[in-house]
Amino acid sequence: MTATFDPRNVPLPKGHWINGRYLTGVPLIELLRPSDAFAYAASPVADDEVVDLAVTSAAAALQRSGWTTCRPTERANILKRWASLIETNAQRLGQLESIASTRPIAESVSIDAAVTAEQIRFFAEFADKEGGDVVPTDSDHLGMILSEPYGVVGAITPWNVPLSMAGWKIGPALAAGNAIVLKPSEHTPFSTLFLAELGTEAGIPAGIINIVLGDGLTTGAHLVAHPGIAKISFTGSTVAGGAILRNIAGAQIKPVTLELGGKSPQVVFASADIEVAAHCVARGILLNAGQTCVAGSRVIVAKTAEDAFMAALKREMSKHQPGLTWDSATNYSPIISERQINRIHGIVEAAVAHGAECVLGGKRLDRTGYFFEPTILAGVAADSPALTEEIFGPVVTVQTFSDENEAYALSRHSTYGLAAGVYTQDLSQAMRAVKQIEAGTVWVNRYGRSRDHILPTGGYKASGIGKDLGKEAFRSNRRQKSVLIKI
Ligand code: NAD
57 MTATFDPRNV
67 PLPKGHWING
77 RYLTGVPLIE
87 LLRPSDAFAY
97 AASPVADDEV
107 VDLAVTSAAA
117 ALQRSGWTTC
127 RPTERANILK
137 RWASLIETNA
147 QRLGQLESIA
157 STRPIAESVS
167 IDAAVTAEQI
177 RFFAEFADKE
187 GGDVVPTDSD
197 HLGMILSEPY
207 GVVGAITPWN
217 VPLSMAGWKI
227 GPALAAGNAI
237 VLKPSEHTPF
247 STLFLAELGT
257 EAGIPAGIIN
267 IVLGDGLTTG
277 AHLVAHPGIA
287 KISFTGSTVA
297 GGAILRNIAG
307 AQIKPVTLEL
317 GGKSPQVVFA
327 SADIEVAAHC
337 VARGILLNAG
347 QTCVAGSRVI
357 VAKTAEDAFM
367 AALKREMSKH
377 QPGLTWDSAT
387 NYSPIISERQ
397 INRIHGIVEA
407 AVAHGAECVL
417 GGKRLDRTGY
427 FFEPTILAGV
437 AADSPALTEE
447 IFGPVVTVQT
457 FSDENEAYAL
467 SRHSTYGLAA
477 GVYTQDLSQA
487 MRAVKQIEAG
497 TVWVNRYGRS
507 RDHILPTGGY
517 KASGIGKDLG
527 KEAFRSNRRQ
537 KSVLIKI
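Read in order, the letters of the sequence shown are residues 57 to 543 in the numbering used here.
Below is the structure:
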C-alpha cells in the first residue's frame, strides 16, 4: 500500500557517498521539484579531487575487503541481503525518488523499488554460477578461458528512472566482483545515495559502492577519463554518449557500454485487436509522460484501420490523472524541467506550423509544475523534428501505410534503433515484422519492459553499444583471459 506523503517530512541524504560515509560539499546545483517547481535542495559538484578520492577508495576497498577474492556465494548472499533491505525500505526509496524525479509515488514504490530489488537478486545469482571455460586444444596442452572482474568500474545514469538505472549498473558490476563509482543525474541524486547506504547496511564493504554527485561536464567527464576507472557503463542521451566516446579516445581508451536514446515505432496492422493496440500504444507513450528511452513515439498504422484506431487511441490517451508525484492518486508524470517542457512545446508548435494536425493536446497544462498534455500529431512532415528527434515527452506522431513493406520502411529511423512494438493477430505477419524491424527489442501485442530480467536491453545503431540486464550485463562486467598450459 502506497500512501500520499509530505515531501517536507522526508530527510534528504547529504553529500557524496564515499568509502561508506557522506562527504559534504558546497551546494552548487539548485534542485527544483518537477511537480510544483519548488526549489527544495541543492547538490554539490564533485571536482577532480573528489572523483579521485572516490576512485582510490574503491581501489583500496577491493584490495582490503576481499570482495573480488571471497567465495562467490558469500558475495551473492550479501547482494541478496541488500535486495531484501531494498524491499523493506521501498517506501523511503520511493519517496526520495518521487520528490526529485517525475515518478509518481504509486509507481516508484510498487515498480521502481520492487524491480530494483528483483534485479539485484537476479544478478546476485550469477556470482556463483557464471565462470570461465575449459576449451579443446592439442592433447598436450590445457586451454582455459578465465573470466575476471575489471576492478573499479565507472557508471553514469540519467534522471528518468534513477533507482532502476542505478540497480542496472551496480547489480551486475558488484556480482561480477568489481567496485563501482557511480554518478547519478544532477537532477535526481537522493534515491541512489540511499540505495548505496542500504548496500553498506547489508554488508557490502565500505568503498565498494561510491556515489559522486555533480553535472556531466565536470564530474561525469572526470570520472570517465580517470585512469583508475577500467570500464564505463553509461545510460543517457546519444549526444552525451558521443561526448564520452570522444573523451575516452583523448584520455585513455577503455571498454564502454552505452545505453542511449530512441525514437521507437509502434506498428499497428489491420489484423490487430484495435482496443488492445490502442491501450498498449497509449501506455507506451504516456508512461512517465513519455520520458522513457523506449517511449513508442512513432505510431505507424494501416490505412484501413486508421479511423477505428485513432478513436480508440484518443480515448486511451485522455485517461490520465496528473498530480503531485507524492500524491498516491497521481498516474501521470510531470516533465523534468522548465527547459525540457519548453523544448517539447517548441517541437509541437513547429510541427503544426509546418502543416501537422494536432489531434489531441499540444500544450502545457494550466497548473503549477511542468505538465504537458498527452499529444497526438498527424500529417507530420518527414523532416520535422517531431518525427526525427527524440522528444522525451508525451507526444506521439501517427503515420499510415498501405502495405507491409511501406510499414517497415517507415519504421526504420536513420539514427535510432532502440525498441519497437508490433500489433497483429497474424503470427506469420508478426514474425515477418520482427525480422524486418531494426531495433534491439521488439514487443508483439504488448509494449514496455516486463519483469523478465533475463531479456537484455540495448540499442541498434546510435541507440547504444552493448546491453544492460540479462546474462550480457553480468558478462560485460568481466574480462576474459586466455590461458594455455603445456602439460
Ligand atoms: P543526459 O545524456 O543529458 O544525461 C545522462 C547522464 O550523463 C547524467 O548523469 C549527466 O550528468 C551525464 N552527462 C551528460 N553529459 C556528459 C558528459 N559529457 N560526460 C559524462 N557524463 C555526462 O540524459 P538525461 O537527460 O539525463 O536522460 C535522458 C536520456 O537518457 C534520453 O536520451 C533517454 O533515451 C536516455 N535513456 C536511455 C536508456 C536506455 O536504456 N537506452 C534508459 C534511460 C534513459
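Quick reminder that beta carbons are idealized off the backbone N, C-alpha and C, glycines included.
(request) Report the three-state DSSP secondary structure of G223 (helix, strand or coil). (result) As a first step, residue 223 is located in the sequence shown; it is residue number 167 there, counting from the start. Of the three classes helix, strand and coil, the one that applies to G223 here is helix, per DSSP.
(message) Check whether the region 497 to 506 and the region 474 to 487 touch, using three or more Cβ-Cβ pairs below 8 angstroms as the test.
(response) yes
(request) Under 7 angstroms Cβ to Cβ from D329, same chain only, skipping five residues before and after it: list those, please. (result) Here the question's residue 329 lines up with position 273 in the sequence shown. Same-chain partners within the cutoff: Q481.
(request) Check whether the Cβ of K239 sits closer than 7 angstroms to any heavy atom of the ligand NAD, and report yes or no. (result) Position 183 of the sequence shown, counted from the start, is the residue given in the question as residue 239. K239: yes, Cβ under 7 angstroms from the ligand NAD.
(message) Restricting to runs no shorter than 4 residues, where is the alpha helix (DSSP H) found entirely within the region 142 to 198?
(response) 146 to 156, 170 to 183
(request) Could I get the ranges of all uninterrupted alpha helix (DSSP H) runs contained in the region 203 to 282, with 4 residues as the minimum, in chain order? (result) 218 to 231, 246 to 258, 277 to 281
(message) Considering Cα atoms alone, identify which of V451, T444, Q485 is closest to A463.
(response) Locating residue 463 in the sequence shown gives position 407, counting from the first residue. Each of V451, T444, Q485 was checked against the Cα of A463, and the nearest Cα belongs to Q485.
(message) For the structure I just gave you, are there three or more beta carbon pairs, one from the region 348 to 359 and one from the region 447 to 460, closer than 8 angstroms?
(response) Yes, the region 348 to 359 is in contact with the region 447 to 460.
(message) So, for K542: in the same chain, excluding its five sequence neighbours on each side, which residues have a beta-carbon less than 8 angstroms away from its beta-carbon?
(response) On the sequence shown, residue 542 is found 486 positions in, with the first residue counted as 1. Once the five neighbours on either side are set aside, the close Cβ partners of K542 are D196, H197.
(message) Looking only at its chain, what residues have a beta carbon closer than 8 angstroms to the beta carbon of M66, apart from the 5 residues adjacent to it on each side?
(response) As a position in the sequence shown, residue 66 is number 10, starting the count at 1. In the sequence under discussion, the amino acid at residue 66 is Val, which differs from the Met named in the question. Once the five neighbours on either side are set aside, the close Cβ partners of V66 are R148, Q151, L152, I155.
(message) What I want to know is whether the C-beta of A307 ends up closer than 7 angstroms to one or more non-hydrogen atoms of the ligand NAD.
(response) Taking the first residue of the sequence shown as position 1, residue 307 is located at position 251. False, no ligand heavy atom lies under 7 angstroms from that Cβ.
(request) Would you check if the region 525 to 539 and the region 183 to 193 touch, i.e. whether three or more CB-CB distances between them fall below 8 angstroms? (result) Contact between the region 183 to 193 and the region 525 to 539 is present, because at least three Cβ pairs lie under 8 angstroms.
(message) Among H469, R423, T248, whose alpha-carbon lies nearest the alpha-carbon of E445?
(response) Numbered from its first residue, the sequence shown carries residue 445 at position 389. Considering only alpha carbons, the answer is H469.
(message) Using only the alpha-carbon positions, how far apart do R307 and T275 sit?
(response) Looking up residue 307 in the sequence shown gives position 251. Looking up residue 275 in the sequence shown gives position 219. What sits at residue 307 in the sequence shown is Ala, not Arg. Using only the alpha carbons, I get a separation of about 15 angstroms.
(message) Which residue marks the beginning of the beta strand (DSSP E) containing S99, and which one marks its end?
(response) By 1-based counting over the sequence shown, the position of residue 99 is 43. That run of the beta strand (DSSP E) goes 95 to 99.
(message) Measuring only from the beta carbon, is L316 closer than 7 angstroms to any heavy atom that is part of the ligand NAD?
(response) The count along the sequence shown starts at 1 and reaches residue 316 at position 260. Result yes, Cβ under 7 angstroms from the ligand NAD.
(request) Pull up the distance between the alpha-carbon of L279 and that of G210, whole angstroms please. (result) Working through the sequence shown from its first residue, we reach residue 279 at position 223. Working through the sequence shown from its first residue, we reach residue 210 at position 154. C-alpha separation (whole angstroms): 7 angstroms.
(request) Out of R302, V237, G259, S293, state which residue places its alpha-carbon closest to the alpha-carbon of N266. (result) Your numbering for residue 266 matches position 210 in the sequence shown. Closest by alpha carbon: V237.
(request) Closer than 6 angstroms by C-beta to P63: which residues in its own chain qualify, once you throw out the five before and the five after it? Chain order, please. (result) Looking up residue 63 in the sequence shown gives position 7. Correct list, in chain order: I155, W382.
(message) Helix, strand or coil, according to DSSP, for Y503 in the structure here?
(response) Locating residue 503 in the sequence shown gives position 447, where the first residue counts as 1. In the structure shown, Y503 sits in coil (DSSP, three-state: anything other than H, G, I, E or B).
(request) Output the boundary residues of the beta strand (DSSP E) element that contains L540. (result) Counting from one through the sequence shown, the residue named residue 540 turns up at place 484. From DSSP, the beta strand (DSSP E) with L540 extends over 534 to 542.
(request) Compute the distance between the beta-carbons of L249 and P90, then report whether it is under 8 angstroms. (result) As a first step, residue 249 must be located in the sequence shown, where it is residue number 193. As a first step, residue 90 must be located in the sequence shown, where it is residue number 34. Contact flag unset, no.
(message) Quick check on the DSSP output: what are the complete alpha helix (DSSP H) runs of length 4 or more inside the region 360 to 395, in order along the chain?
(response) For the region 360 to 395, whole alpha helix (DSSP H) runs of length 4 or above, ordered along the chain, are 362 to 373.
(message) Strictly by DSSP, which residues pair up with T497?
(response) Along the sequence shown, one-based indexing puts residue 497 at 441. DSSP lists A475 as partners of T497.
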